[in-house]
Every structure is written in C-alpha cells, then in structure tokens.
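Peer 1: Have a look at the structure that comes next, please.
Numbering (our numbering), first residue to last: 1 to 162.
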C-alpha cells in the first residue's frame, strides 16, 4: 500500500483524511504544513510534522506520495502555489477518488485532484491538475476542466464546456 502525506491541517485536510481512512487506498503517514501553521500535534491520531522535516525525510521515497489538501481561499491560489512548489521540489503527487464517485472507465484527470462521493462524471471529460469536486457535482459530456478549480457540492457543468 502506498504511503501518503497530506499537506494541510484544516477542514479540507480532515475531509481528505476521512475519505482515505474509510476507503483504505493509502496509508496516511502524516499531515504537514509549514512550521508556523502547526495548530496541533495530531489529527485523528496521525502526527502533524513541519514541512522542512517532511522534505528531508520523505522526498525521495518510492512508495510515498503527497496530496495538497488546502481549501479554496484566495480563489484556489493558495492551493495552486503549494501544489506548484511541491511539484518543483520533486514529490510524487497523489489524486484522491472516493470509491462511490461515478466515473467512466476511461476518465482522465490530473494530479492532486479530489473527487468525492456522489460526483457524476459523464463520458469524454478531461480534468486538469489540482481540481476539487465535492459531493453531488456533475460534469457533463465533452467538458474540459483546466487547473486549480473548485466545484462545490451540487454544482453542474453543461456538456461541451471549457
């Protein structure tokens, strides 16, 4: 089983952790943020470690990935900045797909995507990097989603849209 580091310690990181803990597709080894943002030592019993330590200890581990679980503050710019920095450093980046998402078999999506339960993706959809789709989102046929987007619960995108 691949190991996962969750970058974040707020509401989004907690939601991502719960999905992973319920679906067992990764083993969460820690949460991480820059030292000045550490609020508590553990989340759900899993340690929170400063990012400088994580870089030194886990950057080159073969079966270890990182997921940026920052929210939508500043129109997703904070998550985008962290994502780009982590990619530049050289970490392998995960995407998280809830087992109850409804997806076509040949669905293509990028890195650091979160696709939650009850999301419906129609055929011929392509989704870029760093996109979060919350429960009940619907992405219709032939849609192309760029990077760094947030689809809130119950949102829908009509077919043939970019």
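Positions of the beta carbon are idealized from the N, C-alpha and C atoms, including for glycine.
Could you compute how far the alpha carbon of residue 101 sits from the alpha carbon of residue 44?
Peer 2: As a first step, residue 101 must be located in the chain shown, where it is residue number 101. As a first step, residue 44 must be located in the chain shown, where it is residue number 44. The straight-line gap from Cα to Cα measures roughly 24 Å.
Peer 1: Looking only at C-alpha atoms, which of 76, 27, 109 and 67 sits nearest to residue 91?
Peer 2: As a working mapping, residue 91 is identified with position 91 in the chain shown. When only C-alpha atoms are compared, the closest one is 67.
Peer 1: What residue does the alpha helix (DSSP H) around residue 79 start on, and which one ends it?
Peer 2: Residue 79 sits at position 79 when you count from the first residue of the chain shown. Per DSSP, residue 79 belongs to the alpha helix (DSSP H) from 77-89.
Peer 1: Which residues mark the beginning and the end of the beta strand (DSSP E) in which residue 12 is found?
Peer 2: Numbered from its first residue, the chain shown carries residue 12 at position 12. No beta strand (DSSP E) holds residue 12; the alpha helix (DSSP H) holding it covers 11-23.
Peer 1: Between which two residues does the alpha helix (DSSP H) harbouring residue 32 extend?
Peer 2: Along the chain shown, read from residue 1 onward, the residue named residue 32 stands at position 32. Element bounds for residue 32: not the alpha helix (DSSP H) but the beta strand (DSSP E), 27-33.
Peer 1: In angstroms, rounded to a whole number, what distance separates the CA positions of residue 25 and residue 158?
Peer 2: Sequence index remark: in the chain shown, residue 25 carries index 25 (1-based). Sequence index remark: in the chain shown, residue 158 carries index 158 (1-based). Their backbone Cα atoms lie some 31 Å apart in a straight line.
Peer 1: Using CA coordinates, which residue listed in 79, 65 and 64 is at the minimum distance from residue 71?
Peer 2: Locating residue 71 in the chain shown gives position 71, where the first residue counts as 1. The residue with the shortest Cα to Cα distance from residue 71 is 79.
Peer 1: Near residue 59, which residues of its chain fall below 8 Å by C-beta distance, leaving aside the five closest residues on each side in sequence?
Peer 2: Counted from its first residue, the chain shown places residue 59 at position 59. If we look at residue 59 and ignore the five residues flanking it on each side, its Cβ neighbours are 89, 90 and 91.
Peer 1: Along the chain, where does the beta strand (DSSP E) containing residue 3 start, and where does it finish?
Peer 2: Taking the chain shown and counting its residues from 1, the one referred to as residue 3 is at position 3. Residues 3-7.
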